[in-house]
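In our numbering, the protein residues as written are -17 to 15.
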């Protein structure tokens, strides 16, 4: 398992918010538990 796989897993689990700060979804994702 490499770093790309681990990072993709963290994105899928909601541990990483890759939306840009100006994106409409950034705030929504930040508030999600």
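We put the CB at the ideal spot given by N, CA and C, even for glycine.
- Residue 8 has its alpha-carbon roughly 7 angstroms from the corresponding atom of residue -1.
- Going by DSSP, residue -12 is part of the alpha helix (DSSP H) stretching over -15 to -6.
- Under the DSSP assignment, residue 6 falls in the alpha helix (DSSP H) whose first and last residues are 6 to 13.
- Rounded to the nearest whole angstrom, the CA to CA distance from residue 13 to residue 4 is 15 angstroms.
- Straight across, the Cα-Cα distance linking residue -12 with residue -3 is about 11 angstroms.
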